[in-house]
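Here's the structure, in structure tokens; my notes come after.
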Amino acid sequence: MQGSSSPDNRPVRGGRKVGRKPAFTADDVVAAAIAEGIDRFTLSAVAERLGVVTAAIYRLFPSRDDLVIACLDAAGATIALPEPGSRWRDVLRLWADECWRVCDDFPGLALLVYAFAPAPSRIEHVFAAYVAALAAEGKTRGQAMFALDFLGDSVFASHLSVESMRAVDERGDSGLDRIRRALGAGDTALRPDDSWIDRGAVDTKIDFILAGLEHHWPEI
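The opening position of the sequence shown corresponds to residue 1 in the UniProt record's numbering, with each subsequent residue numbered one higher.
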């Protein structure tokens with residue numbers, strides 16, 4: 001049986017083939033981490049997904065936090081910015097819509113922004129663009145940040161709740177299934193329906209906040 005050879009034709013001990021190491025980029029690592037779950041990925045799982053050893057990841061990202069930051073940057077880069085001349089209501093509705101979309105597109109992001117303290121700093125340029133758009137409508141920086149924070153918190157918290165309703169356990173039951181079973185068939189104040197796994201009351205909350213800002217707009 002003929003053994004394998006190295007590029008200089010020397011036999012390779014054990015007959016193992018010698019080939020080029022798998023090539024991957026920082027973007028590949030970020031994509032793998034996002035696919036694993038932006039809030040819960042491990043470097044070993046990312047490496048396995050890429051077909052490399054964990055040590056190879058450290059050549060591009062010295063720590064898990066560095067990779068978390070890169071994932072946050074990737075998510076933040078997708079956030080749409082307001083068009084020049086947009087009215088303040090349109091600016092804030094776009095912000096709310098983008099907060100929801102980015103949570104949908106990057107599973108685990110809603111939890112990560114609360115668990116990882118530096119998270120807001122990664123979209124400082126996004127905040128700046130929205131603040132500038134609201135300033136053009138006569139709003140102060142403090143007023144703009146109050147509205148962005150209030151809407152962002154409302155949307156992210158709502159998305160966390162939706163994620164728990166969507167989550168499926170080992171038996172194949174969703175969170176919505178489990179809460180329906182826990183409540184039973186009686187008449188209760190809580191009435192879970194399919195809106196609990198979608199935006200549901202989020203748009204109603206957004207409309208309520210926008211209507212309130214028409215009459216009183218605090219600053220932070």
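Idealized CB from N, CA, C, for every residue including glycine. Bear in mind that the values here come from a model prediction, so they are computed numbers and not experimental data.
### Query
Thinking just about the alpha-carbon of each residue, which of Asp-104, Pro-62, Leu-148, Lys-139 is nearest to the one in Pro-120?
Leu-148
### Task
Look at the alpha carbon of Arg-141 and the alpha carbon of Ala-26, and state the distance between them as a whole number of angstroms.
36 Å
### Query
Using the C-alpha atoms, what's the distance from Ile-69 back to Phe-106?
13 Å
### Query
Taking one C-beta from the segment 179–188 and one from the segment 94–109 each time, how about it: are there three or more such pairs within less than 8 Å?
no
### Query
Name the DSSP bridge partner or partners of Ser-86?
None; Ser-86 has no bridge partner.
### Task
Going by DSSP, name the residue or residues bridged to residue 231.
This structure cannot settle anything about residue 231, because the visible part of the chain is limited to 1 through 220.
### Message
Contact between the segment 153–165 and the segment 189–203 is defined here as three or more beta-carbon pairs at a separation below 8 Å; is this criterion met?
### Response
yes
### Query
Do you know how far the Cα of Arg-166 is from the Cα of Asp-194?
10 Å
### Query
Taking DSSP as the reference, what is the three-state secondary structure of Pro-7?
Per-residue confidence for Pro-7 stands at a pLDDT of 45, beneath the threshold of 50, marking its modelled position as unreliable; no derived number is given.
### Task
Could you tell me whether the Cβ atoms of Ala-33 and Leu-67 are closer together than 7 Å?
yes
### Query
With 16 as the cutoff for other CB atoms within 10 Å, does Val-46 come out buried or exposed?
buried
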